Amino acid sequence: MNTLSLSASKHSKSFLNLLKPQTSKTQSSIFLLSHHLSTDPDPETEPNPKPNQSPKDDDLLITQAVELLQPNEKDWNFDQLHHLLFSNSAAPSPRSLFHITRRLGASSKALKFFEYVSENVASAPDSTDSLSSSFQAILELAKREPTSQNKLYDLYKMAKERNIPLNISSAALLVRSLGMVGMVDEALIVFNDLDPGLKNTHLRNAAIDVMLKSGCIDDALKVLDEMFDPKAEGRVDQVTGDIVLSYLLKREWPGRSFSEEDIVGLVLKFGEHGVFPDSMKLTKLITALCRNRKTNKAWDVFHDVMKLGGDVKAASCNALLTCLTRGNDFKRMNELMVKMKEMDIHPDVVTFGIVINSLCKSRRVDEALELFEKISGGREQSDGVSTEPDVVIYNTLIDGLCKVGRQEEGLLLMEKMRLQNGCAPNTVTYNCLIDGFNKVGDIERGRELFHQMKEEGISPSVITLNTMVDCLCKHGRLNSAIDFLNEMQRDGVKGNAVTYTTLITSFCNVNNISMAMELFEQMLRDGGSADAIVYYSLISGLSQAGRMDDAISVVSKLKEACFSLDLISYNVLINGFCRKNKLDMVHEMVQEMEAAGVKPDSVTYNTLISYFCKAGELTTGHRILSKMINEGLVPTAVTFGALIHAYCLNGNTDKAMKIFREMGSKSKVPPNTVIYNILIDTLCKKNEVELAISLIDSMKDKGVRPNTATFNALFKGLKENNLLEKAFEFMDQMTEHACNPDYITMEILTEWLSAVGEIEKLRRFVQGYEVAASTA
DNA sequence: TTAGGGTTAG
């Protein structure tokens, strides 16, 4: 309701000055119309017959008159004509004049007749009506003739000069026809010239339509505002709503912009007048709100429309449900389902599809299956919610099962779907299952399913290809992945940006940069659909490999392809140049990213702080840290880690320890394993093993898990000081923490323990047995 | 309804 009153007042304020009539006083008096004229919205409606004259009498008169007017106008027999039309006590009715005029066929001839009538009708009591009707007929004839545009407007000017009032049909015809041929200014002149009393709903709708289509949005909104006035002559109707909302939901308004609030405000204002968006428009509005992450707005407008009495259908509910699934808002999803039941809106297969999908995506597969069982239970269900599940629902569930490692059940569900009519497994079904088996490492089953789908005549898609390629790459079978791609390309399934991203990343990871570059070139050559991600991946791979010149050349290609670098790519490049010690390029990148409006984040700052600190430029490091804080960014554990590491390298362990102590207390950033490792390593190297051991104890207190590197650092220190018993204790701790010894651990311990004749302990340690107790 | 990527301290 808040929304409602807000936007209502907003509009009435901006449109307040427009409630005054648009026409000047003289114009409105010239165009004053008799009140008994028809206000029928149909523009081509004939005028009413006079009450004392039957349509039958009229028809005879019309036929006779038309006969007399058959010859060329210069051969008209005016005596006979006068006798027929004006000798009677009553002049011909507006209706007869309309028909006579119109049956003359051509506007020029009709105009001649009109001239004749206007000279003779002057004294009749309803002469104005008669002339208006005759004039309406001329307009209708003119409209059908070629090059009518100017003719229509000339006729209008003539009528205006001669003080012949337009009736509503004529006005509507002029506004519509002129608007339609692009004579918008003229159409608006006609509309604005009209007496406010003549502007009924139909006419205003026609005007608003013309205004919106020609971009005169503010004019349209003015008219609309008048129509919202409860005292107005032409109030809004369903047609007004359709015209305005169709326009607003187009989502592109040349030269004007509307916020969702504006649109929602208007919808509600229409609602107060009993005019509602149809299901399609309401759905479109909710979808648009959802797209812009305005879930609450969508929720409100949906409920307000319902409260005001609008007819809400399942499609709109589905749009809102989709919106709610984004934020995993199960509470409101439930509320909505309850509301649907209350309002007797039957959920359709899409409704259930949305709910099942959102449950699956939150890994609540059992609940999804439960709902599935419930809806497929048949029509006997007490609450009437039953639908035939469709392929999409089956696929959603199969994917859900596969994503939580229940691919065997997924397979069973595929067999179940075969038993249901019209629910045969399709490419998506197989893609989900292949991915499911691949992700748990069962490549063979994945491959089997791939062959099975082909045997069943189900075509693999590019997603099938990518699933298989990803699996082969993850298992290090890069050449098989390439072979598979080539095989599929021969069968007509071309790789896309996703395929190449997977392959390029994998080849970079095994440091096969030339192959990664070759694949990239191949992708560009094939004219495939490269996207920004594939460029980012290669840039990252090249930077990681220290090939900054190549990275920059890919950046150029990315720009040529009209993509732009994002924050992470800039960070990757800055880091790459830092590692190559190319300070000028680091500067260039930072400047470029700021010029591009990409704001550096804490990773950017951490990278720079670390670079300067490592280079011994601690002052610069601190200056950048201050800038980071000034920019509103919060230093992270990585920031402190970089500083602590720098002071450790510098030999200033005290300063390092000071920062370490302050980060927990002052900065509320608890030290992590890496920071402990840096300090333990440094302290051990400085022979301060006791202090290092106390840090390990503090890790235990703070719940920071040590890792293999922690113990490696410590073992080095213990070895230097020959603290054998301590070493055995920590070997046991290592086992407790499930930290596997790596080659560094083995190197240190092998050398040390064999020298002191304790090699048996090492063997036991490697086998996972306790070693300290056995000594005691 | 199904597929891909990249960053900072040790």
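Under my numbering, the first residue of the first sequence is numbered 1478, with each subsequent residue one higher.
All C-beta atoms, glycine included, are put in the ideal place defined by N, C-alpha and C.
All of these numbers come straight from a predicted model, not from anything done at the bench.
In angstroms, rounded to a whole number, what distance separates the CA positions of Ile2086 and Leu1836?
-> Looking at the two C-alpha atoms, the distance is approximately 44 Å.
Ser2142 and Met2105 look like a contact to me (Cβ under 8 Å); what is the Cβ gap, rounded to whole Å?
-> Cβ atoms of Ser2142 and Met2105 stay farther apart than 8 Å, at about 20 Å.
Residue range of the alpha helix (DSSP H) that Asn1963 falls in?
-> Counting along the chain, the alpha helix (DSSP H) containing Asn1963 begins and ends at 1955–1967.
Quick one, which of His1952, Leu1546, Leu1538, Lys1628 has its alpha-carbon nearest Thr1979's?
-> Nearest option by C-alpha distance: His1952.
Using the beta-carbon count (16 or more within 10 Å), is Thr1802 buried or exposed?
-> Result: buried.
Grab me the residues of Glu1521's own chain with a C-beta within less than 8 Å of its C-beta, minus the 5 sequence neighbours each way, in chain order.
-> Unreliable placement is indicated for Glu1521, whose pLDDT of 46 sits below 50; no coordinate value is reported for it.
If we ignore side chains and look at the alpha-carbon of each, how far apart do Gln2244 and Asn2184 end up?
-> Between the C-alpha atoms of Gln2244 and Asn2184 there is a straight-line separation of about 18 Å.
Since Leu1664 and Val1687 are thought to touch, with beta carbons under 8 Å apart, how far apart are those beta carbons, to the nearest angstrom?
-> A small fix is needed here, since residue 1664 is Ala in this sequence, not Leu. Indeed they touch by this definition, with Cβ atoms about 5 Å apart.
Nonlocal neighbours in the same chain, by C-beta distance under 7 Å from Ile2155, ignoring five residues either side = Gly2118, Ile2121, His2122, Cys2125.
Ignoring anything shorter than 4 residues or poking outside the region 2199–2242, list the alpha helix (DSSP H) runs there in chain order.
-> For the region 2199–2242, whole alpha helix (DSSP H) runs of length 4 or above, ordered along the chain, are 2201–2213, 2220–2232.
Could you pull the start and end residues of the alpha helix (DSSP H) that Ser1647 belongs to?
-> If you look at Ser1647, you'll find it in the alpha helix (DSSP H) that goes 1645–1657.
Report yes or no: do the region 1931–1941 and the region 1967–1978 share at least 3 C-beta pairs separated by less than 8 Å?
-> Contact holds: three or more Cβ-Cβ distances are below 8 Å.
Buried versus exposed call for Ala2232 [16 or more other C-beta atoms within 10 Å across all chains shown] | By the Cβ-count criterion, Ala2232 is exposed, with fewer than 16 other Cβ atoms from all chains shown falling within 10 Å of its own Cβ.
Of the residues Asn1898, Ser1610, Thr1764, Phe1563, the one placed nearest Leu1574, counting alpha carbons only = Distances from the alpha-carbon of Leu1574 to those of Asn1898, Ser1610, Thr1764, Phe1563 put Ser1610 closest.
When Leu1874, Leu1762, Gly2194, Ile1870 are compared against Val1826, the one with the closest alpha-carbon = Looking at the Cα atoms, Ile1870 is the closest of the given residues.
Provide the residue span of the alpha helix (DSSP H) that contains Ile1641, from first to last.
-> Here Ile1641 belongs to no alpha helix (DSSP H), and DSSP marks it neither H nor E.
Which ranges would you report for the alpha helix (DSSP H) in the region 1653–1728 if only whole runs of at least 4 residues count?
-> Correct list: 1661–1670, 1678–1690, 1694–1705, 1715–1725.
Taking DSSP as the reference, what is the three-state secondary structure of Leu1618?
-> Here Leu1618 carries a helix assignment [DSSP, helix/strand/coil].
Going by beta carbon distance, what residues of the same chain come within less than 7 Å of Tyr1630, once the five residues before and after it are set aside?
-> Excluding sequence neighbours, Tyr1630 sits near Leu1655, Met1660, Glu1663.
Beta-carbon contacts of Val1667 that lie in its chain and below 7 Å, excluding the five residues immediately before and after = Contacts found: Tyr1633, Ala1648, Leu1651, Val1652, Leu1655.
Whole angstroms is fine: what's the gap from Ser1505's alpha carbon to Ser1604's?
-> Caution applies to Ser1505, whose pLDDT of 30 falls short of 50 and renders its modelled position unreliable; the value that the coordinates give is listed next. Near 19 Å, if we compare the C-alpha coordinates of Ser1604 and Ser1505.
Status (buried if at least 16 other CB within 10 Å, exposed otherwise) for Met1820 | Classification of Met1820: exposed, given that the 10 Å Cβ count is below 16.
CB Val1842 to CB Gly1877, shorter than 8 Å?
-> Yes, Cβ-Cβ distance for Val1842 and Gly1877 is below 8 Å.
Could you check how far apart the C-beta atoms of Ser2020 and Ala2028 are, in whole angstroms? I think they sit under 8 Å.
-> That pair is a contact at about 5 Å.
Can you tell me the Cβ-Cβ gap for Pro2148 and Ala2114, rounded? I've got them flagged as a contact below 8 Å.
-> Beta-carbon to beta-carbon, Pro2148 and Ala2114 are separated by about 7 Å, close enough to satisfy the 8 Å threshold.
By DSSP, does Ile2152 sit in helix, in strand, or in coil?
-> Here Ile2152 sits in helix by DSSP.
Would you say Ser1756 and Lys1790 are within 8 Å of each other, going by their C-beta atoms?
-> For Ser1756 and Lys1790, yes; Cβs fall inside 8 Å.
Tell me whether Tyr2246 sits in a helix, a strand or coil according to DSSP, three-state version.
-> In the displayed model, Tyr2246 falls within coil according to three-state DSSP, outside both helix and strand.
Report back the beta-carbon spacing between Lys1746 and Phe1705 to the nearest angstrom; my notes put them in contact at under 8 Å.
-> Rounded to whole angstroms, the Cβ separation of Lys1746 and Phe1705 is 6 Å, and the two are in contact under 8 Å.
Could you give the distance in angstroms between the alpha-carbon of Leu2172 and the alpha-carbon of Leu2226?
-> For Leu2172 and Leu2226, the distance between alpha carbons rounds to 21 Å.
Out of curiosity, what's the CA-to-CA distance linking Val2248 and Glu2206?
-> Those two C-alpha atoms are separated by around 8 Å.
Ala2028 - containing alpha helix (DSSP H), residue span = 2025–2037 is the extent of the alpha helix (DSSP H) around Ala2028.
With a 10 Å radius around its C-beta and 16 neighbouring C-beta atoms as the bar for buried, classify Phe1555 as buried or exposed.
-> Exposed, by the Cβ-count rule.
Rounded C-alpha distance that separates Ser1564 from Arg1681 = Between Ser1564 and Arg1681, the C-alpha separation is close to 41 Å.
Length of the line joining the Cα atoms of Val1434 and Glu1737 = Because residue 1434 is not part of the residues shown, which for the chain are 1478 to 2253, the question remains open.
Could you tell me if Asn2254 is buried or exposed, where buried requires 16 or more neighbouring beta carbons within 10 angstroms of its beta carbon?
-> Missing from the structure shown is residue 2254; the chain here goes from 1478 to 2253 and no further.
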